[in-house]
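Asker: Have a look at this one.
2 protein chains.
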Amino acid sequence: MAQLPTVDDVAQRAGVSRQTVSNVLNSPAIVRDATRLRVESAIAELGYRPHASARRLRTQLSSTIGVRLDPLSKNGISGSVLDRYLHALTEQADARSMRIMLFTAADDDEEIGHYERLRDGADVDAFVLTGTRYDDPRIEWLARQRVPFVAFGRPWGAEHLDDPDRLWVDVDGQAGVRMATEHLLGRGHRRIGYLGWPAGSGTGDDRRRGWETAMASALGLTARELAELTTVADEGVPGARRAIEELLTGGTDLEALVCASDSLALGAMMAVREAGLPHFPVFGFDNTPVAQAVGLSSVDQRLADVAAGTFELLMGATGRRVLPHGSESDDPRHRLITPQLVVRRSSHLEPVEEAGGTMPGDHESTDKEQRT
Amino acid sequence: MAQLPTVDDVAQRAGVSRQTVSNVLNSPAIVRDATRLRVESAIAELGYRPHASARRLRTQLSSTIGVRLDPLSKNGISGSVLDRYLHALTEQADARSMRIMLFTAADDDEEIGHYERLRDGADVDAFVLTGTRYDDPRIEWLARQRVPFVAFGRPWGAEHLDDPDRLWVDVDGQAGVRMATEHLLGRGHRRIGYLGWPAGSGTGDDRRRGWETAMASALGLTARELAELTTVADEGVPGARRAIEELLTGGTDLEALVCASDSLALGAMMAVREAGLPHFPVFGFDNTPVAQAVGLSSVDQRLADVAAGTFELLMGATGRRVLPHGSESDDPRHRLITPQLVVRRSSHLEPVEEAGGTMPGDHESTDKEQRT
DNA sequence: ACCGAAGATTTGATCGTTCAAACTTTGAGG
DNA sequence: CCTCAAAGTTTGAACGATCAAATCTTCGGT
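Top to bottom, those sequences are chains Z and D. Per my numbering, residue 1 is the first one in the first sequence, and the count goes up by one each step. Per my numbering, residue 373 is the first one in the second sequence, and the count goes up by one each step.
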């Protein structure tokens, strides 16, 4: 096997010119059918494949999207959300014949340095950001430099939720928590508590609001009454467990609980079980593999839809190349995905008969799950 | 801002030729110090960055490594191992100024199709394979085509463990399970059970052997006695839970348990707790985030070392480019990483005093962990 | 049968870099 | 002061594709 075939080889074989071969590949519509077929079979016979780097050099496009991966260390039970988003992104990318390129960075400055290098080296056409924060310097830089990007996570606190320069996708956490709360209300519960993160995180406050609105509109609770049913803990199982233990020993007569994350919910589950309440309903958020494993009800972020939305914002509904930054468009500059309830045994009043375990999650519930 | 600066711009500014600039970048040793400094400051002043695609076109190297990501769906509690390996790979790649490119495939044929396309398009220099199986067709294809690659996971069953055409890294599961077993033996336990996967998976059989050898050499148990202490379950929490419940109700007087995975261990923990044995020691394997969250002792795969080994095999100890397939070398063609025990409360005889919870893992044990 | 415009195809230039070979400078040795 | 090899630098070509403009075909209208 000598060399890999090039456009010229194909052209020669098909009795046409380079450019016609290129046209068959990139704009088949303008080539006459007869010639197109001839070229196509030449391509097939020679097993020709376009040389990606050559094309990129000429077009100044890389068909690649850069994603930063957090360092290995900070990767808790809910870190898997971003990993699953990455999987979903990769699948979407494949469908659009785009590629995902990874890089790591220890802090924002380093991350921005990577942006610069990758942009200047024409390594990537756009970036996808995760873990966005209030006044995120990465977003500022990208917007100022007019580099195409989409953020997973609203640019919280910033007024520019509709700024055409800041594209974002996010999951409607408020709606998700509201759905979970309403599900529990529908099952007859009234004293439904909420376990969240300390106030101040955009995501956390948003999710809490879902519980508040559901409770307020169904039961007409006052702010004071709501506050009584609430407690907070830092992300992580043990803190959640402690928080719920305190709430229970403090005399609050809870019947059910909605949590801001699966980690919190797992800690809460442990606490209520320990307190001798085997059927106490608990809802998590994120629908992580752990939730599935232990049979914890949760709110699924629908990461496939999030990823699809990401690409819609980046490339248009069906486009095959990244839109330039700030390109005017009729579409809204963001996507808010409504999540989906996944009801498992942890939120059932009665344990599902069959295998009489008293602890939830004693059977893989794939076929028992109820998505609404 | 007009155009991005090119080598020519830098050359002009430094008063040298293109090629000298290129040399400063690629083989600084052959450039005289004075000129090198001049060029370097010109680069800095202009903010020049080499155009990656142009370089790739010329050198026929992409400085990129392809990794297949499994579809979103099959991504259980232990699927996170591969995600964490991916993180570690990305960090290593950064250190070698390489990049990681992702793609997905539904089956082997599709995956091989991707290999072909990526290789021919000069998109990647090498591949990293995960989830290798007995007689893996992907490995056969890559070896036959002489495409550089490294497999994470021994090519089980194949005789060619030392075949110079098949590079691999793996974690010494046997050693890991042996360490866990010996740890329990050292704490005075004798009736230590093993919960594994059904026989036939290379990885599973290897791990079981670690328990067998530890038990046999410490206590001199017969094969029959060993078999009594063993049970199996398919990967997943619920099956493990059932299996251990049966073992316990079957009358086996277990004192402790070593498991082939964290999922199994989680199921086992639930079962022993349910059986009223709050301090029954359980060991998992993989040290997933869940293990940390619930305070489960486990065996850490040291994925950073695995990733480092991957790159050593691919590029040599310090090399900056992928070695050609089958390049002779004195080094062994594989790396077997010895994992590390992470002892948490689940394997302590007595609960750690402080917060008198009776269930293990009630506090994030980062500072309580004991790595040996 | 001829014209012209639209359609189809070809030609020459170019993207930014590195390779290979040619050329120029340096410096030790006689 | 000259020679010659080694060290340093420059020049022309090439990597494989697409763009822009030029050329050649086709075909309806008169």
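Positions of the beta carbon are idealized from the N, C-alpha and C atoms, including for glycine.
If you draw a straight line from the C-alpha of Ile100/Z to the C-alpha of Leu441/D, how long is it?
Answerer: Note on geometry: alpha-carbon atoms of Ile100/Z and Leu441/D lie some 11 Å from one another.
Asker: Strictly under 8 Å for the Cβ-Cβ distance: is Met101/Z near chain D by that measure?
Answerer: yes
Asker: Please confirm whether Leu247/Z has its beta-carbon closer than 8 Å to some beta-carbon of chain D.
Answerer: no
Asker: Counting only Cβ pairs nearer than 9 Å, list the residues of chain D close to His325/Z.
Answerer: Result: empty, since nearest Cβ-Cβ is about 14 Å, beyond 9 Å.
Asker: So is Pro50/Z in contact with chain D if we call contact Cβ pairs under 8 Å?
Answerer: yes
Asker: Which residues of chain D have a Cβ atom closer than 7 Å to the Cβ of Val122/Z, listed in chain order?
Answerer: Looking at the sequence shown, residue 122/Z is not Val but Ala. Residues of chain D passing the Cβ test: His423, Ala424, Ser425.
Asker: Let me check understanding here. Comparing Cα to Cα, which of Val39/Z, Thr20/Z, Ile30/Z lies closest to Arg13/Z?
Answerer: Val39/Z
Asker: Looking at Ala240/Z: is its Cβ nearer than 8 Å to the Cβ of Ala233/Z?
Answerer: yes
Asker: I need the boundaries of the alpha helix (DSSP H) containing Gln384/D, first residue and last residue.
Answerer: 379-386
Asker: At a cut-off of 7 Å, is Ala126/Z close to the ligand ADP when judged by its beta-carbon and the heavy atoms of the ligand?
Answerer: For the structure depicted, the ligand ADP is absent and the ligand set is empty, with no information on it obtainable.
Asker: Expressed to the nearest angstrom, what Euclidean distance is found between the alpha-carbon atoms of Gly47/Z and Arg56/Z?
Answerer: 21 Å
Asker: Just verifying my parser: in three-state terms, what is the DSSP assignment at Ser435/D?
Answerer: Note: Ser435/D maps to coil in three-state DSSP.
Asker: Relative to the alpha-carbon of Phe149/Z, which residue among Gly204/Z, Ile65/Z, Asp135/Z has its alpha-carbon at the smallest distance?
Answerer: Ile65/Z
Asker: Please compile the residues from chain D whose C-beta is within a distance smaller than 7 Å of the C-beta of Ile77/Z.
Answerer: Pro661, Val662, Ala665
Asker: Quick one: grab the DSSP three-state call for Trp569/D.
Answerer: coil
Asker: State the Cα-Cα distance for the pair Arg208/Z and Gly173/Z, rounded to the nearest angstrom.
Answerer: Computed Cα separation, rounded: 9 Å.
Asker: Please go through the same chain and pick out, in chain order, the residues whose beta-carbon is closer than 6 Å to the beta-carbon of Leu248/Z, but skip the five residues on each side of it.
Answerer: Here Leu248/Z has Ala275 as same chain residues with Cβ atoms under 6 Å from its own Cβ, once five neighbours each way along the sequence are excluded.
Asker: Pairing CB atoms from the segment 82-92 of chain Z with CB atoms from the segment 292-311 of chain Z, are three or more of them under 8 Å?
Answerer: yes
Asker: Listing by chain order, which chain D residues have their CB less than 8 Å from the CB of Thr104/Z?
Answerer: His459, Thr462, Glu463, Asp466
Asker: Could you name the residues of chain Z that Leu376/D contacts, counting a contact when the two beta carbons are closer than 8 Å?
Answerer: Within 8 Å Cβ-Cβ: Asp120.
Asker: Flag this pair as yes or no: are the beta carbons of Ala632/D and Gly568/D separated by less than 8 Å?
Answerer: It is a contact, given that the beta carbons lie within the stated cut-off.
Asker: Start and end of the beta strand (DSSP E) containing His114/Z?
Answerer: For His114/Z, no beta strand (DSSP E) segment is defined; the enclosing uninterrupted segment is the alpha helix (DSSP H) at 108-120.
Asker: From Met641/D, Val715/D, Gly691/D, pick the residue whose C-alpha is nearest to that of Asp672/D; which is it?
Answerer: Val715/D
Asker: Buried or exposed: Arg335/Z, going by 16 or more other Cβ atoms within 10 Å of its Cβ?
Answerer: With 16 or more other Cβ atoms inside 10 Å of its own Cβ, Arg335/Z counts as buried.
Asker: Would you mind working out which of Arg321/Z, Leu4/Z, Thr231/Z, Ala105/Z sits nearest Thr59/Z, comparing C-alpha positions?
Answerer: Put simply, of Arg321/Z, Leu4/Z, Thr231/Z, Ala105/Z the residue whose alpha carbon is nearest the alpha carbon of Thr59/Z is Arg321/Z.
Asker: In chain order, which alpha helix (DSSP H) runs of at least 4 residues are fully inside the segment 255-300 of chain Z?
Answerer: 262-274, 289-294
Asker: Our contact map puts Glu618/D next to Ser635/D with C-beta atoms below 8 Å; I'd like the distance itself, whole angstroms only.
Answerer: Contact doesn't hold; Cβ gap of about 18 Å is too wide.
Asker: Measuring CB atoms only, is the segment 132-150 of chain Z touching the segment 102-112 of chain Z, in the sense that at least three cross pairs come out at less than 8 Å?
Answerer: yes
Asker: Would you say Ala383/D faces chain Z, with C-beta separation under 8 Å as the test?
Answerer: Not closer than 8 Å to any Cβ of chain Z, the Cβ of Ala383/D fails to qualify, so no.
Asker: What is the DSSP secondary structure of Ile30/Z, counted as helix, strand or coil?
Answerer: DSSP, reduced to helix, strand and coil, places Ile30/Z within a helical segment of the structure shown.
Asker: Please tell me whether Val678/D has its Cβ less than 8 Å away from any Cβ of chain Z.
Answerer: no
Asker: List the residues of chain Z whose Cβ lies closer than 7 Å to the Cβ of Pro520/D, in chain order.
Answerer: Neighbours of Pro520/D on chain Z: none; closest Cβ ~16 Å, over 7 Å.
Asker: Ser97/Z to Gln19/Z, Cα distance in whole Å?
Answerer: 22 Å
Asker: Suppose you measure from the CA of Leu4/Z to the CA of Arg705/D; what does that come to, to the nearest Å?
Answerer: 29 Å
Asker: Within 8 Å (strictly less), CB to CB, does Asp455/D reach chain Z?
Answerer: By this cut-off, Asp455/D is an interface position.
Asker: Give the secondary structure of Arg596/D by DSSP, where H, G and I count as helix, E and B as strand, and everything else as coil.
Answerer: When DSSP states are grouped into helix, strand and coil, Arg596/D belongs to the helix group.
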